[in-house]
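Right, one structure below, let's go through it.
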Amino acid sequence: MSTTNIVVPAHALHPAVTHGPTRRVLSTAGLPARHDLIRFRPLAESRVVPVSGLLSEGADPERLHPHIAELLLIGHLRCEGDDAQGVVLDGATGRVFSMDLFEDEPALIEVVPLAPSLGSLCRFLACADDLRCLGGRFATLAGRTGPGVVAEASSLLTSVFTDEDWGDDGWGSAGPPSTWDHALPAFWRIVALIRPLALVAGPGSGLRLDLPPDLLDTEFGAQEMVRTAPAGLPVALAHEPTRRFLTETGLPKVESMFTLWRDSSLFRTLAESGAGETGPEGRTGVPGPGPGTGAPGSAGDGIDERLPHDAKHLVCLGGLIHDLEVLIDGRTGLVSHRFYGEDTTTPLNADISTLAFTLWMYSQEQRLNDEHDFTRDFHDQLADAMTEALASVDPVACLPSAGEDDYHYWPEVFHDEAGGVL
58 MSTTNIVVPA HALHPAVTHG PTRRVLSTAG LPARHDLIRF RPLAESRVVP
108 VSGLLSEGAD PERLHPHIAE LLLIGHLRCE GDDAQGVVLD GATGRVFSMD
158 LFEDEPALIE VVPLAPSLGS LCRFLACADD LRCLGGRFAT LAGRTGPGVV
208 AEASSLLTSV FTDEDWGDDG WGSAGPPSTW DHALPAFWRI VALIRPLALV
258 AGPGSGLRLD LPPDLLDTEF GAQEMVRTAP AGLPVALAHE PTRRFLTETG
308 LPKVESMFTL WRDSSLFRTL AESGAGETGP EGRTGVPGPG PGTGAPGSAG
358 DGIDERLPHD AKHLVCLGGL IHDLEVLIDG RTGLVSHRFY GEDTTTPLNA
408 DISTLAFTLW MYSQEQRLND EHDFTRDFHD QLADAMTEAL ASVDPVACLP
458 SAGEDDYHYW PEVFHDEAGG VL
């Protein structure tokens, strides 16, 4: 959110900006100087240049699409606080696009529609801010939670984007909106569909979140939920809110990012598991491995099993797809992970409720991405939206990195495009 705007005097505008309404926006109201979604640094630093001027020395500008060659770089989309794809302006029509720049391969450069005008873009950014703070048209959502509120927020924000006049002219190489796969560009669909997911649950009593009844049953199927009777929970799991959650709400056994142990490994303390009392059947979701078979952490597998100093308080819950074991601190309810055989743990989620929320949110994202293909052009922005939604309900899961070796699982895997998690 910005409290100041970048205003460019009319006489200082790039000569290619001939579109009257665009000139008025830039020279009067201006564009936000700071925003989490887009930064307009080229405008602020008077470095607006056409795309043809961004190519590497030796690259042939003739290989650029003629429409793209004359577009002006005015800013960048953001990813993890850094500049990502370019934001480019058609100075003759006022249309705004995003662009992946291939300096050495101009023939590969394509643009994706972003906004019908700079005025529209400013309104879109302002409404995204209103959603974040539940202000403006979203004020009626304050204090309300649940799937219905998520749907209402998404509908309100989507209407802001679709109610603008996108027109059919001036889109150049991107073609008119009537030919697009979706009426709304994927960048704004991510904002409208992913960011409101955090509104599904409010603060809990003893846990970070109070998930709506049947939220997980509806998402994963009642037959896929595992609830444990109080007598089936270990004495080491003394944190009463966690015990209640596992008994009343439960966790899904559906294997995705997280796999719930399905054998005697479930709810053993790490000290018991490290002693190799029984084999970890089902730990990797494949039934059968027992002691000495090479399954992670099993007795006789050759791993030098080093245990954390508080292993007797750490209760085994399941595993993540990146060979990490998920543990609950029986005293506090903190959910952590560790690499098999390592004697250190790293916080994963604040507690069992936010772990469950993360699994629900990820399942939602997978279904939405199948429909909307967010990752085709905006993987980084999808990862940012997932991280922001999670951080808003679970600050432990998304703590700022304290250095290169400070590994926070969810933000890391969301942003790992090569890993294909999203």
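Remember, my numbering sits 57 above the position in the sequence shown when you count from 1.
We put the CB at the ideal spot given by N, CA and C, even for glycine.
None of these values were measured; they are calculated from a predicted model.
For the pair Arg388 and His370, the CB atoms are nearer than the 7 Å cut-off. The C-beta distance from Phe181 to Val217 rounds to 7 Å, short enough to fall under 8 Å. Taking Asp437 as the centre and dropping the five residues before and after it, the same chain places the C-beta of Cys136, Ala141 closer than 6 Å to its C-beta, in chain order. Taking 8 Å as the upper bound for CB-CB distance, Gly227 and Thr150 are in contact here, some 3 Å apart. Segment contact: the segment 117 to 132 against the segment 144 to 160, three or more CB-CB distances shorter than 8 Å; contact assigned.
Assignment of Val383 by DSSP, reduced to helix, strand and coil, places it in the strand class.
With fewer than 16 other Cβ atoms inside 10 Å of its own Cβ, Ser113 counts as exposed. Contact between Leu317 and Val372 does not hold, since the beta-carbon distance rounds to 13 Å and is not under 8 Å.
Between Asp386 and Arg265, the CB-CB gap reaches or exceeds 7 Å.
Residues Leu128, Val145, Val168, Val169, Pro170, Leu171, Ala231 of the same chain have their beta carbon placed closer than 7 Å to that of Phe154, with the five preceding and five following residues left out of the count. When the five nearest sequence neighbours on each side are left out, the beta carbons in the same chain lying within less than 8 Å of the beta carbon of Pro173 are those of Gly151, Arg152, Val153, Glu221, Asp222, Trp223, Gly224, in order along the chain.
CA-to-CA, the gap between Gly132 and Arg96 works out to about 5 Å. Counting along the chain, Ile125 sits inside the alpha helix (DSSP H) bounded by residues 123 to 126. Note that the segment 100 to 120 touches the segment 61 to 70; at least 3 beta-carbon pairs, one per stretch, sit closer than 8 Å.
Bridge partners of Leu165 according to DSSP: none are assigned. Of the candidates Ala328, Pro163, Arg91, Pro163 places its Cα closest to the Cα of Arg120.
In this structure, the straight-line span from the alpha carbon of Leu323 to that of Gly289 is close to 10 Å.
When C-beta atoms of the segment 389 to 402 are compared with those of the segment 419 to 434, fewer than three pairs fall below 8 Å, so the two segments do not count as touching. Ranked by Cα distance from Ala328, the options Asp274, Glu305, Arg363 are led by Arg363. For Gln280, the number of other beta carbons within 10 angstroms of its own is below 16, and it is reported as exposed. Exclusion of the five residues before and after Gly176 leaves Val82 as the residues of its chain whose Cβ lies within less than 6 Å of its Cβ. Between the alpha carbons of Asp408 and Ala183 lies a gap of roughly 33 Å.
Residue state for Leu371 is assigned as strand, using DSSP reduced to three classes. Minimum Cα-Cα distance from Leu214 among the listed residues Arg201, Gly192, Pro233 corresponds to Gly192. In this structure, Ser211 is the residue among Pro123, Asp380, Ser211 with its C-alpha nearest to the C-alpha of Ala255. The DSSP-derived three-state label of Ser109 is helix. Inclusion of Ala258 and Thr202 in the CB contact set at 7 Å is warranted, their separation being smaller than that value. In this structure, the beta-carbon distance from Trp467 to Glu276 does not fall below 7 Å.
In summary, His239 is exposed, with fewer than 16 beta-carbon neighbours lying within 10 Å of its beta-carbon over all protein chains present.
Secondary structure of Thr236 (DSSP, three-state): helix.
Membership of Gln142 in any alpha helix (DSSP H) is not indicated; the residue belongs instead to the beta strand (DSSP E) covering 139 to 146.
Taking 7 Å as the cut-off, the beta carbon of Asp161 is found closer than this to the beta carbon of Ala116.
Per DSSP, the continuous alpha helix (DSSP H) segment holding Pro99 begins and ends at 98 to 101. In this structure, DSSP gives Ile378 a state outside helix and strand, which the three-state scheme calls coil. Measuring C-alpha to C-alpha distances from Ser313 to each of Ala73, Leu70, Val470 identifies Val470 as the nearest. Sequence-distant partners of Pro242 (beyond 5 residues in either direction) whose C-beta falls short of 7 Å from its own C-beta, in its chain, are Val169, Pro170, Leu171.
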